[in-house]
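Yeah, the sequence shown ends on 295 if you go by numbering that gives the first Met the number 0, and it's all consecutive.
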Amino acid sequence: MGQKRWLWVFHLFLLTMGLSPSGAEAGCPDFLKPYLNRFKALYSSHAAEDLSGTVQVFRNPTSGEVREVCLLERIGTGSRGAVYRIPPAPDGVARVAKIEKGFRLPMLPKHKLVLQEGIQRELRVTEALNASIGEIETASAFPKNAPWNKGVFPVLPILETYESTLGIVLIKPEMKNPIKIQSLPLSTKGQLKPEVEEGLKQIYALQQAVHQSVKSIDGTGEGMFLDIGPSNIFWVEDPLDLKQLKMSRPGFFLFEADQGTIVTGNPPVVHRNHQYYPDFKSYRDAVILQIRAQGW
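This is the structure in structure tokens:
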């Protein structure tokens, strides 16, 4: 690697770790933003402790039953948790366990703030959305001809909930071939394919319908802003996944249900129930940026 490239990598590292002057990340040139986003994702994944191959004790909070579960390979990390394959259920259904992240390398305080009560909040948001699905589907903003099964919110279901020394553990089904945003191809002109853009419009409309129909769990009385960030959605087109999720055609689905969150300031302050994208164009641009970041 040439000296110039090493300098760029070092600069990106400083930006990621918050060691650059205040506002440097916001002032990053547009052509560098895909590289910065990609580097941040790689560092965040590497910084998280990997519990693959360990045996953890899970306790059912209702029955008190205790069981030992082997965490197989880690298949993903997000802003709030890490996801591991676990042995299939007796019925043969492939499952994953989502557990709060621990860190083995330094992370910014603002990143750790996002973790606080994240999985507990996911449970509460999921419950609120499932309880209000009728109102969501009849809201004026709800997408017409949506591909999702009527009466079920389009998020991976929580099959079981356990307690452990690692915190709350959520058991979810594992999809056969979920396609993450970064793996979606762009057209020769650098734009989203028409069916993908249409799917994004449906997700954006879903967020608006939720905002019209569901109150924030923070007790403020404001409408809920759903977390539809690019890292929280996946494209579904595999026939087995479509069948499992009861989708009528290819489209987007949510990995988890949560309110939008950002962290600003120094010292950092958490803003829950935040809308990331004021319009569809800003949302589409964020998705394209994520796709481009995969190619560096």
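Where a beta carbon is used, it is the ideal one built from N, C-alpha and C, also for glycine.
Measuring straight from C-alpha to C-alpha, what distance separates S19 and G63? Against the sequence shown, residue 19 aligns to sequence position 20. Against the sequence shown, residue 63 aligns to sequence position 64. Because S19 sits at a pLDDT of 38, beneath the cut-off of 50, its placement in the model cannot be relied upon, and the following sentence gives the value as read from the coordinates. Whole-angstrom Cα-Cα distance: 49 Å.
Quick check: what's the CA-CA separation for V286 versus P229?
Your numbering for residue 286 matches position 287 in the sequence shown. Your numbering for residue 229 matches position 230 in the sequence shown. Cα to Cα, V286 sits roughly 6 Å from P229.
Inset, instruction - Pull up the distance between the alpha-carbon of A208 and that of E236, whole angstroms please. - result: By 1-based counting over the sequence shown, the position of residue 208 is 209. By 1-based counting over the sequence shown, the position of residue 236 is 237. If you take the alpha carbons of A208 and E236, they lie about 24 Å apart.
Tell me whether L185 sits in a helix, a strand or coil according to DSSP, three-state version. Here the question's residue 185 lines up with position 186 in the sequence shown. Strand, per DSSP.
Original post:
Exposed or buried, V195, counting other C-beta atoms within 10 Å across all chains shown (16 or more means buried)?
Top reply: Your numbering for residue 195 matches position 196 in the sequence shown. With 16 or more Cβ atoms within 10 Å of its Cβ, V195 is classed as buried.
Which complete beta strand (DSSP E) runs does the stretch 154 to 234 hold, if anything under 3 residues is left out? 159 to 163, 166 to 172
| query | From what residue to what residue does the alpha helix (DSSP H) around V286 run? | reply | Counting from one through the sequence shown, the residue named residue 286 turns up at place 287. 279 to 292 is the extent of the alpha helix (DSSP H) around V286.
Contact belief for R58 with E72 at Cβ below 8 Å, rounded distance in angstroms: By 1-based counting over the sequence shown, the position of residue 58 is 59. By 1-based counting over the sequence shown, the position of residue 72 is 73. In fact, because the Cβ distance is near 24 Å, the residues do not count as touching under 8 Å.
ask   = Should T61 go down as buried or exposed, given a rule of 16 or more other Cβ atoms within 10 Å for buried?
value = By 1-based counting over the sequence shown, the position of residue 61 is 62. Flag for T61 reads exposed.
Fill in: Three-pair Cβ contact test at 8 Å for the stretch 275 to 292 versus the stretch 209 to 222
no
Review point. Apart from the five residues just before and just after D257, which ones in its own chain have a Cβ nearer than 7 Å to its Cβ?
Key: Locating residue 257 in the sequence shown gives position 258, where the first residue counts as 1. Result list for D257: R120, E121, V124, D226, in chain order.
CB of C69 within 8 Å of CB of P87, strictly
On the sequence shown, residue 69 is found 70 positions in, with the first residue counted as 1. On the sequence shown, residue 87 is found 88 positions in, with the first residue counted as 1. No. Outside cutoff.
Taking Cβ to Cβ, would you say P153 is nearer than 8 Å to W147? As a position in the sequence shown, residue 153 is number 154, starting the count at 1. As a position in the sequence shown, residue 147 is number 148, starting the count at 1. In contact: P153 and W147 (Cβ atoms closer than 8 Å).
Q) Taking the alpha-carbon positions, what's the V262 to V268 distance? A) Locating residue 262 in the sequence shown gives position 263, where the first residue counts as 1. Locating residue 268 in the sequence shown gives position 269, where the first residue counts as 1. C-alpha separation (whole angstroms): 5 Å.
Let's see if you can read the secondary structure: which residues bound the beta strand (DSSP E) around Q55? Counted from its first residue, the sequence shown places residue 55 at position 56. Looking at the DSSP string, the run of the beta strand (DSSP E) that includes Q55 is 54 to 58.
By the three-class DSSP mapping on this structure, what secondary structure does L253 have? As a working note, residue 253 is residue 254 in the sequence shown. Strand.
Q. Whole-angstrom Cβ separation of L169 and I232, contact assumed at under 8 Å?
A. Taking the first residue of the sequence shown as 1, we reach residue 169 at position 170. Taking the first residue of the sequence shown as 1, we reach residue 232 at position 233. Between I232 and L169 the Cβ distance is about 18 Å, and since that is not below 8 Å, they are no contact.
Exercise. In chain order, what residues of the same chain have a beta carbon less than 8 Å from the beta carbon of P277, not counting five sequence neighbours either side?
Worked result: By 1-based counting over the sequence shown, the position of residue 277 is 278. Taken in chain order, the list of residues that qualify is empty.
_Cross-strand partners of H273 (DSSP beta bridge)_ = The residue given as residue 273 occupies position 274 in the sequence shown. BP columns for H273 are empty, so no partner.
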